[in-house]
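Trainee: 1 is the number of the first residue of the sequence shown in the UniProt record's numbering; add one for each residue after it. Ideal Cβ placement from N, Cα and C applies to all residues, glycine included. Model, not experiment: these values are computed from the prediction. This is the structure I want to talk about, given as structure tokens.
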Amino acid sequence: MIIGRDITAQKTAEERIKQMAFYDDLTALPNRRSLETLMKQGMARAKRHDRLLAVCMMDLDGFKPVNDIYGHEAGDEVLVALGKRLPEVLRKSDFVARLGGDEFVLLVEDLEDLDDLSNIMEKIESTISAPIPLSHGESVQIGASMGVAIYPFGDTDTGDKLLRLADQAMYESKANKADRERFWVLFGEEIHKAVSLTPAQQLLDAGALEIWYQPVLNTRTRKVVGVEALARLRDKDGTLLPPAKFLPQLQIGDLSDLTKKVLAQSLSDLPLLNTQGWSLWVSVNMDPRSVSKDCIICLQEMIAQSKVDPSRITLEILEGDDFLEQQKALDHLLEMKALGVRLALDDVGSAYSSLLRLKDLPIDEIKLDQGFIRSLEQRPQDLHFVGAIQDLAAGIGVDLVVEGVETEDILDAIVATGAQFLQGYAIAKPMPISELQAFLQSNPCHDHPHPTSLLGFYAKQIAAHNALKKVICQAPHLTDYRTLADATACPGHHYIRSLGLNDNQRLERLHQAYHRTMAAMGEQLISFSGNGDWSEADQAARAFEQAIIESYWNKKMAEENSVHPKNSSYPC
Numbered sequence: 001m002i003i004g005r006d007i008t009a010q011k012t013a014e015e016r017i018k019q020m021a022f023y024d025d026l027t028a029l030p031n032r033r034s035l036e037t038l039m040k041q042g043m044a045r046a047k048r049h050d051r052l053l054a055v056c057m058m059d060l061d062g063f064k065p066v067n068d069i070y071g072h073e074a075g076d077e078v079l080v081a082l083g084k085r086l087p088e089v090l091r092k093s094d095f096v097a098r099l100g101g102d103e104f105v106l107l108v109e110d111l112e113d114l115d116d117l118s119n120i121m122e123k124i125e126s127t128i129s130a131p132i133p134l135s136h137g138e139s140v141q142i143g144a145s146m147g148v149a150i151y152p153f154g155d156t157d158t159g160d161k162l163l164r165l166a167d168q169a170m171y172e173s174k175a176n177k178a179d180r181e182r183f184w185v186l187f188g189e190e191i192h193k194a195v196s197l198t199p200a201q202q203l204l205d206a207g208a209l210e211i212w213y214q215p216v217l218n219t220r221t222r223k224v225v226g227v228e229a230l231a232r233l234r235d236k237d238g239t240l241l242p243p244a245k246f247l248p249q250l251q252i253g254d255l256s257d258l259t260k261k262v263l264a265q266s267l268s269d270l271p272l273l274n275t276q277g278w279s280l281w282v283s284v285n286m287d288p289r290s291v292s293k294d295c296i297i298c299l300q301e302m303i304a305q306s307k308v309d310p311s312r313i314t315l316e317i318l319e320g321d322d323f324l325e326q327q328k329a330l331d332h333l334l335e336m337k338a339l340g341v342r343l344a345l346d347d348v349g350s351a352y353s354s355l356l357r358l359k360d361l362p363i364d365e366i367k368l369d370q371g372f373i374r375s376l377e378q379r380p381q382d383l384h385f386v387g388a389i390q391d392l393a394a395g396i397g398v399d400l401v402v403e404g405v406e407t408e409d410i411l412d413a414i415v416a417t418g419a420q421f422l423q424g425y426a427i428a429k430p431m432p433i434s435e436l437q438a439f440l441q442s443n444p445c446h447d448h449p450h451p452t453s454l455l456g457f458y459a460k461q462i463a464a465h466n467a468l469k470k471v472i473c474q475a476p477h478l479t480d481y482r483t484l485a486d487a488t489a490c491p492g493h494h495y496i497r498s499l500g501l502n503d504n505q506r507l508e509r510l511h512q513a514y515h516r517t518m519a520a521m522g523e524q525l526i527s528f529s530g531n532g533d534w535s536e537a538d539q540a541a542r543a544f545e546q547a548i549i550e551s552y553w554n555k556k557m558a559e560e561n562s563v564h565p566k567n568s569s570y571p572c
């Protein structure tokens, strides 16, 4: 009897291990490991019986709000409910597996034609969209986006390839929710939409794409070290369309094609520049929705066929999408990094969530949202935010590229902050490859002392105050406070005079008050232990900074009024 119980317990344990290895804990559906076996068997049966096998990758729409509103337990209830419903509407010859999160894969076998598949899809859609009751009494409704790959179809001799194609089609379906007539997309076919090709799609198909390059300046070497490859479309009338004009007209498939074409041209142009003595790196924009396994394979092939070292390629992923919240997306980024390319997060600051996750992302570079930089002349206080992003980038060990440096004053201010990599019209406008060669041949060098403007002086003062405060806090005994108390010994005293503010007594007075307050703060820290109360010193710093900005605005208003006496757009 004891032996019998032991054998029974052993078999129970073995069954439990098997269940854990091949089935999803939450839904009890087959898992990814089990799916591999099911796909091999399904492909063999399709080949043997001369039938079609449909591999369907499905992602739920509206699932995230369920988690956000009702909690993750409610989300689990939805997944469990679907885990029971889906097998009920499929035939006995079909299978459904859960890959993780809200992703499912359906294997629909024994198909004669696509009409058979359409009938099954209608049942699946009805099942998914039916209300799902939750345990607390509420009910929720969700939808789905699905991509379908058919075996045998082209080069689909493995299950992995079928899954990649289905995954790509699913992203196409998800990106076109507003236009699609059905919730699923068959890989290789045009999406069923009620609209025709947009003008931008027509131009892209007609080969009207041009690649223009905008130089990136290294402020330490004062040299151009890289370029950003920017897409332009040449309209039939010769007009050059910037991305803001045509990107909204493109779908996810178009964006993937656009990235591929821009990268291909860049990889062709870089060796040409290299032979002429300019070893530059290039950055290419990539829509986060186009990042997929298929994209990674394509990237790998392009790098292998190119003469460009992958470390000179930077792929810019736009911030602001929930892309960075998806584990699969992060896995894709790691795979891309493994190819040797650099990854950049573009438009940082446009979405607060990613700032909290930057240290966890596999990135080499961040590009500050241009909106903060272009408006600095109207909102100079945003320089504090720029400084905070600089500290953040340095803290996590990534490069910072500041875009939107459009005017000489903004250039002066950003250089004064100590930012290393700058991009914008004040350095150079985007240009075709022929003009870029001429530009580089002219040996551009931005080698002049900063600050040269009041906005630059303001930026310099912010940086200087933060640095001085840090030194006083960390090593108060190392500073000569008698010298610090004398504002005339400060470089700022020279800046005030070189910028034509000799007669600004208020500015001089606040500058002197700032130095006396900082010196007193340092002496206080020597006399008393602890970090001390910095409120008076910070207030003195803010008062001096505000006086600089007021002088800057007054000067701008005077310049504006001399040109347009009745128009002044600067605040006072």
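#1: Which whole-angstrom value is the C-beta distance of Ile366 and Leu358, which I expect to be below 8 Å?
#2: If Val78 and Lys123 are in contact, beta carbons under 8 Å, what's the gap, nearest whole angstrom?
#3: Can you tell which of Ala467, Asp503, Tyr458, Ala519 has the C-alpha that lies nearest to the C-alpha of Ala487?
#4: Among the candidates Asp257, Cys473, Gln512, Ile396, whose CA atom is the shortest distance from the CA of Cys490?
#5: Please return the same chain residues whose Cβ sits closer than 7 Å to the Cβ of His515, not counting the five positions on each side in sequence.
#6: Which first and last residues belong to the alpha helix (DSSP H) in which Thr275 is found?
#7: Only counting runs of 4 or more residues, tell me where the alpha helix (DSSP H) segments fall wholly within the segment 107-182, in order along the chain.
#8: Under 8 Å by Cβ, that's how I've got Leu263 and Met302 pegged, so tell me the actual separation to the nearest angstrom.
#9: Mind checking which residues open and close the alpha helix (DSSP H) that includes Ile472?
#10: Ignore the nearest five residues each way along the sequence and tell me which others in Phe22's own chain have a CB closer than 7 Å to its CB.
#11: Taking C-alpha atoms, which residue in Ala144, Val224, Gln381, Ala166 lies nearest to Tyr552?
#12: If you check the beta carbons only, do Gly387 and Ala463 fall under 8 Å apart?
#13: Should the segment 442-460 be regarded as contacting the segment 413-424, the criterion being three or more beta carbon pairs within less than 8 Å?
#14: On the DSSP letters alone, give me the boundaries of the beta strand (DSSP E) that Asp59 sits inside.
#15: Could you name the residues of the same chain whose beta carbon sits closer than 7 Å to that of Leu26, not counting the 5 residues immediately before and after it, in chain order?
#16: With distances taken from CA atoms, which of Trp534, Ser527, Cys473, Ile548 is nearest Leu510?
#17: From Cys473 to Ser535, what distance separates their C-alpha atoms?
#18: Could you give the DSSP three-state label for Pro248: helix, strand or coil?
#19: Starting from the C-beta of Pro476, find all residues in its chain whose C-beta is less than 7 Å away, skip the five residues before and the five after it, and write them out in chain order.
#20: Whole angstroms is fine: what's the gap from Ala537's alpha carbon to Thr517's?
#21: Taking a contact to mean a Cβ-Cβ separation below 8 Å, would you say Gln423 touches Val398 in this structure?
#22: I believe Pro131 touches Ser139 by the beta-carbon criterion, under 8 Å. Please report the beta-carbon distance rounded to the nearest angstrom.
#23: In this structure, does DSSP put Leu197 in helix, strand or coil?
#24: What is the rounded straight-line gap between the Cα of Ala74 and the Cα of Ser135?
#25: Tell me, please, which residues DSSP counts as bridged to Tyr213.
#26: Please return the same chain residues whose Cβ sits closer than 7 Å to the Cβ of Glu545, not counting the five positions on each side in sequence.
#27: Between which two residues does the beta strand (DSSP E) holding Leu383 run?
#28: Excluding five sequence neighbours on each side, which residues of the same chain lie with their C-beta closer than 6 Å to the C-beta of Leu186?
#29: Taking just the CA atoms, how far does Arg374 sit from Leu60?
#30: Straight-line CA distance for Pro305 to Leu267?
#31: Could you tell me which of Cys298, Asp287, Lys337, Leu318 sits nearest to Pro310, measuring between CA atoms?
#32: Does His49 pass the burial test, meaning 16 or more other C-beta atoms within 10 Å, or should it be called exposed?
#33: Using a Cβ-Cβ cut-off of 6 Å (strictly less than) and excluding sequence neighbours within five positions of Leu440, which residues of its own chain qualify?
#34: Look at Ala428 and Gln265 and say whether their C-beta atoms are less than 8 Å apart.
#35: Count the other CB atoms, across all protein chains shown, that sit within 10 Å of the CB of Val471; report buried if there are 16 or more and exposed otherwise.
#36: What is the DSSP secondary structure of Thr314, reduced to helix, strand or coil?
Mentor: Looking at the coordinates:
#1: Rounded, the Cβ-Cβ distance is 7 Å, consistent with contact.
#2: Actually they are not in contact, since the Cβ atoms of Val78 and Lys123 sit about 19 Å apart, beyond 8 Å.
#3: Ranking Ala467, Asp503, Tyr458, Ala519 by Cα distance to Ala487 puts Ala519 first.
#4: Ranking Asp257, Cys473, Gln512, Ile396 by Cα distance to Cys490 puts Gln512 first.
#5: Taken in chain order, the residues that qualify are Leu484, Ala485, Asp486, Ala487, Cys490.
#6: Annotation: the continuous alpha helix (DSSP H) that includes Thr275 extends over 252-275.
#7: Runs found: 114-129, 159-175.
#8: So it is a contact: roughly 6 Å between Cβ atoms.
#9: Counting along the chain, the alpha helix (DSSP H) containing Ile472 begins and ends at 454-474.
#10: Closer than 7 Å at Cβ, skipping near neighbours: Pro30, Asn31, Arg33, Ser34.
#11: Closest option to Tyr552, judged by alpha-carbon separation, among Ala144, Val224, Gln381, Ala166: Gln381.
#12: It is a contact, given that the beta carbons lie within the stated cut-off.
#13: The segment 442-460 is in contact with the segment 413-424.
#14: Taken as a continuous stretch (DSSP letters only), the beta strand (DSSP E) holding Asp59 covers 52-61.
#15: Counting only residues of its own chain and dropping the five nearest sequence neighbours on each side, Leu26 has a CB closer than 7 Å to the CB of Asp76, Leu79, Val80.
#16: Between Leu510 and the set Trp534, Ser527, Cys473, Ile548, the nearest pair of CA atoms involves Ile548.
#17: About 14 Å.
#18: Per DSSP, reduced to three states, the secondary structure at Pro248 is helical.
#19: Here the set comprises Gly522, Leu525, Ile526.
#20: Going from the Cα of Ala537 to the Cα of Thr517 covers about 6 Å.
#21: Not closer than 8 Å, so no.
#22: About 4 Å; that satisfies the 8 Å criterion.
#23: For Leu197, the three-state secondary structure derived from DSSP is coil.
#24: C-alpha separation (whole angstroms): 8 Å.
#25: DSSP lists Ala229, Met431 as partners of Tyr213.
#26: Here the set comprises Tyr458, Gln461, Ile462.
#27: Unbroken run through Leu383 is the alpha helix (DSSP H), 383-396; no beta strand (DSSP E).
#28: If you ignore the 5 residues before and after Leu186, its C-beta comes within less than 6 Å of the C-beta of Val148, all in its own chain and listed in chain order.
#29: Distance from the CA of Leu60 to the CA of Arg374, rounded to the nearest whole angstrom, comes to 39 Å.
#30: The residue asked about is misnamed: residue 305 is Gln in this sequence, not Pro. Their Cα atoms are separated by approximately 10 Å.
#31: It is Lys337.
#32: The residue is exposed, with fewer than 16 neighbouring Cβ atoms inside 10 Å.
#33: Excluding its 5 nearest sequence neighbours in each direction, Leu440 has C-beta neighbours in its own chain below 6 Å: Trp278, listed in chain order.
#34: No, Cβ-Cβ distance for Ala428 and Gln265 is not below 8 Å.
#35: Exposed, by the Cβ-count rule.
#36: The answer is strand: DSSP assigns Thr314 an E or B state.
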